[in-house]
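The structure appears below as C-alpha cells.
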Amino acid sequence: MKSPRRAAPLPVGFFERSAEIVARELVGTLIASTADGRWTLGRIVETEAYLGYDDPASHGYRHRRHAQNAALYGPAASWYVYRSYGMHWCANLVCLGEGSGSAVLLRAVEPLDGLDVMRHRRSVELVESLCSGPGRLCQALGITRSELDGRLMRGSPVEVMAAADWSGVIEATPRIGISKAADWPLRFTAAGSRFVSRRTVTSKLRAVAREHPPG
DNA sequence: GCGCCGATTGGCT
DNA sequence: GCCAATCGGCGCC
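In the numbering used here, the protein residues as written are 140 to 354.
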C-alpha cells in the first residue's frame, strides 16, 4: 500500500443530509491524509452527530456564532476544526448546507497505513492508542485548524472515501463527554472494533445526573 | 470585568 | 479514579 490509488472522495450530496444519517454512514469509510506530505490511511470506526440550532450539545446551538466556529456554518462537505480544552484539535464534516450548523465529529479511526508516521506524530507505539479519540486521530493524521478548517473535503489534504468491501455492524449509543442532551443516541461505532475511543461510563452517568438531579 | 467550564488527554494515585 | 493542562466564549455580578 505504499503508492496509494486515490479513490474518489465521497460526493457533496453524501453530506447534504441530516448529521445523524451521515454519522451512521461514515462508519466504515476510509480517511486518507497527505498532511505534511506524509501519507496516512485509516478506517473511520466512531462518529458523533451534532444536529445544529436545536441540539444543546452542538456548537451551533441557537445559531451561536463566533470567530472560532464560522466554518460550522459553511457548505456541506467542508471541514470544521475546533480546539478542545485549549489544546487538542477535533475534526468535523459539515452536513446539510450553509447555515445549518450541523456536523459530524470524527471520534476514532482504525489505522491501516502509515502507522510509523502516526507513531511519530503521536509519540505512542500501541496501535490501539494512535487514533482512538477525536484529539488523537487529529494528531495522528496531521489535522490542524490551519490545515483544514473551512475547506471543502474534496481536494483538501484529508479526504474521506467509500469502502465498498466493508460490511460491519453499526451500533448507536449516547454521545461521549457532553453534559447536555447526553442521552441522545447519536454516537455511532463499528461494533466490536478495538479501535473505538475508550471512556468510562462514570463521566457519562455524572453528566446525566447533572442534567437530571435527584429530587 | 471575572470566573467557570468544555464534543480531551495523559499521567499519577 | 482523579486531576492538571490551557484558552476562548459565555453567564453572571
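Think of the CB as a built atom: it goes at the ideal place given N, C-alpha and C, for glycine as much as any other residue.
Let me know the secondary structure DSSP gives residue i once reduced to three states.
i, result
"V220", "strand"
"G167", "coil"
"S268", "helix"
"H202", "helix"
"I183", "strand"
"Y212", "helix"
"R145", "coil"
"E159", "helix"
"A174", "helix"
Considering just the uninterrupted stretch of the alpha helix (DSSP H) at residue i, what are its terminal residues?
i, result
"E310", "From DSSP, E310 is part of no alpha helix (DSSP H) but of the beta strand (DSSP E) over 309 to 312."
"G274", "273 to 280"
"D255", "254 to 261"
"E286", "284 to 287"
Is it the case that the Cβ atoms of residue i and residue j are separated by a distance below 7 Å?
i, j, result
"G167", "L251", "no"
"C234", "V161", "yes"
"V248", "L276", "yes"
"P357", "A174", "Outside the displayed span of the chain (140 to 354) sits residue 357, for which this structure offers no information."
"S268", "F334", "no"
"G191", "S239", "yes"
"T328", "V243", "no"
Can you give me the start and stop residues for the beta strand (DSSP E) that residue i sits inside?
i, result
"G152", "Looking at the DSSP string, G152 is not in any beta strand (DSSP E); the run it does join, the alpha helix (DSSP H), is 151 to 154."
"V335", "It is not in any beta strand (DSSP E) - V335 carries neither H nor E in the DSSP assignment."
"A230", "227 to 233"
"M300", "297 to 300"
By Cβ distance, which residues of its chain are closer than 6 Å to residue i, with the 5 residues on each side in sequence left out?
i, result
"T341", "With a pLDDT of 49 at T341, under the threshold of 50, the modelled position of that residue is not reliable, and no figure is offered here."
"W178", "G253"
Near residue i, which residues of its chain fall below 7 Å by C-beta distance, leaving aside the five closest residues on each side in sequence?
i, result
"P148", "M292, R293, E298, V299, M300"
"E286", "A174, P296"
"V266", "P250, L254"
Counting only the same chain and skipping the five closest in sequence on each side, list residues whose C-beta sits under 8 Å from that of residue i.
i, result
"M257", "T179, P250, L269, C270, A279, L280"
Taking 6 Å as the line, does the beta carbon of residue i fall inside it for any heavy atom of the ligand NAP?
i, result
"D194", "This structure does not include the ligand NAP; it has no bound ligands of any sort."
Contact between the stretch 263 to 283 and the stretch 213 to 232: three or more CB pairs below 8 Å? Result yes; three or more Cβ-Cβ pairs closer than 8 Å.
Three-pair Cβ contact test at 8 Å for the stretch 311 to 320 versus the stretch 192 to 211: Because the criterion of three Cβ pairs below 8 Å is met, the stretch 311 to 320 and the stretch 192 to 211 touch.
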